[in-house]
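Take the sequence shown: its letters are residues 289 to 609, numbered as in my numbering.
From the three backbone atoms N, C-alpha and C, an ideal C-beta is built for every residue, glycine too.
Step one of this worksheet: look at the structure below.
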Amino acid sequence: MERTGSVGGGFYSTVMTPHGFTITADGPFDFAGCLRFAEDWPVTSALPSDGRALRFAYCAEHDWKPIGVRVTAAPGGVEVATTRPAGPSIRGEVARILSLDVDGTGFAKTGEADPVLGDVQRRRPGLRPLCFWSPWEAACWAVIVQRSSMLVASRVKQRIAARFGAEVVVDGQPFQAFPPPVSLLEAGGLGLPAQKEEWVRGLARAALDGVLTTEHLRSLAPEEALAELRALPGVGPFSAGLILIRGAGAPDAFPGDEPRLFAILREAYGLPEDAPPAAYRELAAAWRPYRSWASFLFRATAYGTLDDQALTRPGPPAARR
Numbered sequence: 289m290e291r292t293g294s295v296g297g298g299f300y301s302t303v304m305t306p307h308g309f310t311i312t313a314d315g316p317f318d319f320a321g322c323l324r325f326a327e328d329w330p331v332t333s334a335l336p337s338d339g340r341a342l343r344f345a346y347c348a349e350h351d352w353k354p355i356g357v358r359v360t361a362a363p364g365g366v367e368v369a370t371t372r373p374a375g376p377s378i379r380g381e382v383a384r385i386l387s388l389d390v391d392g393t394g395f396a397k398t399g400e401a402d403p404v405l406g407d408v409q410r411r412r413p414g415l416r417p418l419c420f421w422s423p424w425e426a427a428c429w430a431v432i433v434q435r436s437s438m439l440v441a442s443r444v445k446q447r448i449a450a451r452f453g454a455e456v457v458v459d460g461q462p463f464q465a466f467p468p469p470v471s472l473l474e475a476g477g478l479g480l481p482a483q484k485e486e487w488v489r490g491l492a493r494a495a496l497d498g499v500l501t502t503e504h505l506r507s508l509a510p511e512e513a514l515a516e517l518r519a520l521p522g523v524g525p526f527s528a529g530l531i532l533i534r535g536a537g538a539p540d541a542f543p544g545d546e547p548r549l550f551a552i553l554r555e556a557y558g559l560p561e562d563a564p565p566a567a568y569r570e571l572a573a574a575w576r577p578y579r580s581w582a583s584f585l586f587r588a589t590a591y592g593t594l595d596d597q598a599l600t601r602p603g604p605p606a607a608r609r
């Protein structure tokens with residue numbers, strides 16, 4: 289799938305036009321489960337939903353121009369309509385957002401070899417990770433949510449989108465696309481503490497330099513990508529995992545130190561309280577090449593939805609919101 293990086297701009301409203309394509313899933317895929325997850329996920333919970341379509345707007349990573357997207361179920365996959373022509377890059381981005389750019393036919397075999405994972409798969413059959421619209425947006429969320437509640441962080445993110453982003457109309461409904469990195473490169477007044485605003489500007493530079501992009505991050509071994517991400521401003525080990533797994537959609541990464549995930553796995557597998565991080569990495573090695581997917585399923589099943597704040601603020605498991 290072609291992905292290129294270039295800098296674009298322009299803020300305007302647009303309406304749905306008959307640009308469309310289909311994506312066929314390789315392996316099980318539960319679009320209805322994806323919709324239910326989106327409705328509960330704090331980052332997307334503000335999106336209007338009729339229970340039949342996933343609608344969103346974002347700045348496409350290959351040119352940083354806004355686009356609206358509608359995704360509906362289709363035999364063997366999904367039907368996608370967009371507000372502007374969808375070439376290979378956009379088709380690849382939408383596939384990555386839905387984790388349909390990965391052949392999932394072998395994931396069931398992973399569960400057959402690991403009965404604990406297999407039980408989780410049977411509880412959420414065909415559920416694949418729903419990703420952020422881009423690693424850039426995932427990184428900004430990781431900074432915004434640090435030391436904040438997800439509700440407050442979601443509102444701040446929406447205000448940034450309303451002030452600096454583009455309005456895109458999808459099926460008659462207005463959506464605010466989170467602004468491209470060029471728009472926040474020198475922006476102030478984001479409604480964040482000064483340190484966080486400086487971090488966002490640093491992340492914008494990294495995105496424009498091609499570092500904070502799907503193409504670059506997926507070209508590296510997961511451990512290398514996590515190390516590079518930890519070197520970015522405001523990005524610690526938890527945020528790095530969020531960006532790589534839920535931003536770039538890397539299917540086979542495993543965060544080296546994530547207390548909430550470790551607590552879920554400790555209970556599921558009966559590990560001792562003092563089990564070292566190496567024990568969890570060894571456990572996850574059996575899930576290759578789907579370590580990200582397996583981790584996502586364990587978290588989604590334990591919490592009902594994925595608590596992304598846990599990737600930016602370590603701590604013990606919390607009750608379901």
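In this structure, the straight-line span from the alpha carbon of A320 to that of A326 is close to 10 angstroms. By the 16-neighbour rule on beta-carbons within 10 angstroms, E425 is buried. Here the alpha carbons of S527 and K397 stand approximately 30 angstroms from one another. Taken through DSSP and simplified to helix, strand or coil, F452 comes out as helix. Cβ contact annotation for L405 (same chain, cutoff 6 angstroms, sequence separation greater than five): G399, A582, in chain order. In this structure, R343 keeps its C-beta atom at 8 angstroms or more from the C-beta atom of F466.
Segment contact: the stretch 527 to 545 against the stretch 411 to 425, three or more CB-CB distances shorter than 8 angstroms; contact assigned. With respect to the 8 angstroms criterion, F317 and R379 are not classified as neighbours on the basis of their beta carbons. Taking every protein chain shown into account, the CB of R576 has fewer than 16 other CB atoms within 10 angstroms, so this residue is exposed. DSSP lists V359 as the beta-bridge partner residues of L342.
A contact is defined here as three or more CB-CB pairs under 8 angstroms, and the stretch 435 to 455 fails this definition with respect to the stretch 513 to 531. In this model, Q409 and A430 are separated by some 28 angstroms (Cα to Cα). Here the stretch 381 to 398 makes no contact with the stretch 552 to 560; the two share fewer than three CB pairs at distances below 8 angstroms. Boundaries of the beta strand (DSSP E) harbouring G308: 307 to 312, taken from the DSSP string.
DSSP places A515 within a helical segment (H, G or I) once states are collapsed to three. Here E474 carries a coil assignment [DSSP, helix/strand/coil].
Residue pairing by DSSP places F463 opposite V456 in a beta bridge. For V366, DSSP records a beta bridge to I311, A361.
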